[in-house]
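First the structure, in the form of structure tokens, and then the observations on it.
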Amino acid sequence: HPALRHAAVTRRELGIPTVFNFLGPLANPAQPAAQAVGVADAGMAAVAADVLAARGTSALVFRGDDGLDELTVTATSTVWEVVGGTVAQTVLDPLELGIARADLSDLRGGDRARNAAVARAMLGGETGPVRAAVLLNSAAALVALDAVGAHGPEPDSLNQRLRAAMARAADAIDSGAAGQALQRWVETSRALAGR
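Using our numbering, you'd call the opening residue of the sequence shown number 725 and step up by one each time.
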């Protein structure tokens, strides 16, 4: 939410998750029909799923069982699937999707320049744990979007839907479309900042 931007500096200085980490995705003024939401606090993930269900939002809410606020490739993840106002909880094992286990150190970010270089390399076709994590989390957003308008559980398993969505995400990266979209976003952001 735009009002939360005033707390951004303080949040960064604290260096720990705050209530704003939880409220941000739930207070999105765009009110998207679909969301993929990572929640670090296991107790709050179910609450977030219930809020999104009450709103009629299609969503995957998740927490890596390694403590990450994303679908992880280092362990299993707990997922709350929100479709048609209902919530179903499941455990997702990336091994079942053909993703090799990684170490947290393989995913650890760095400074802005390092993170940008890692992103460029991944978008340029580099394989490994970073690409696997990006594909998995991108797939979560696609699965949530695909469920918009559904009135109950999907006929295919979550794993089947994630696998198909990961292939779509991989196609976007491998074709260069994802990199081009990022470049357009960067250019637009810079143009808007210069206003």
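C-beta atoms are modelled at their ideal positions from N, C-alpha and C, and glycine is treated no differently.
No experiment lies behind these values; they were computed from the predicted model shown.
Between the alpha carbons of A766 and E794 lies a gap of roughly 12 Å. Contact annotation: G780 and A874 have beta-carbon atoms that are not nearer than 9 Å. Straight-line measurement puts the Cα of T810 at about 35 Å from the Cα of G852. For T912, the number of other beta carbons within 10 angstroms of its own is below 16, and it is reported as exposed. Under the three-state reduction of DSSP, E878 is assigned to coil, being neither helix nor strand. Per DSSP, R825 lies in no beta strand (DSSP E) and is assigned neither H nor E. Taking C-beta atoms under 8 Å as the contact rule, N839 and G833 qualify, at a distance of about 5 Å.
Annotation note: the segment 779 to 844 contains the following uninterrupted alpha helix (DSSP H) runs of length 4 or greater, listed N- to C-terminal: 828 to 831. Inclusion of A760 and L784 in the CB contact set at 9 Å is warranted, their separation being smaller than that value.
For Q907, the uninterrupted alpha helix (DSSP H) run begins and ends at A901 to A917, by DSSP. Per DSSP, reduced to three states, the secondary structure at A871 is coil, with no helix or strand assignment. By the Cβ criterion, the segment 818 to 830 is not in contact with the segment 895 to 914, since fewer than three pairs of Cβ atoms, one from each stretch, lie closer than 8 Å.
Only exposed fits P753, as fewer than 16 other CB atoms lie within 10 angstroms of its CB. In chain order, G788 and D790 place their CB closer than 6 Å to the CB of T796, counting only its own chain and leaving out the 5 sequence neighbours on each side. The beta carbon of A863 is closer than 7 Å to those of L886, A889, M890 and A893 in its chain, skipping five residues each way along the sequence. Straight across, the Cα-Cα distance linking L906 with L866 is about 17 Å. A760 is bridged by DSSP to L784. Residues of the same chain with a CB within less than 6 Å of the CB of T798, apart from the 5 flanking positions on each side, are D790, A826 and L828 in chain order. Cβ-Cβ separation between L776 and V806: approximately 5 Å, consistent with a contact (criterion under 8 Å).
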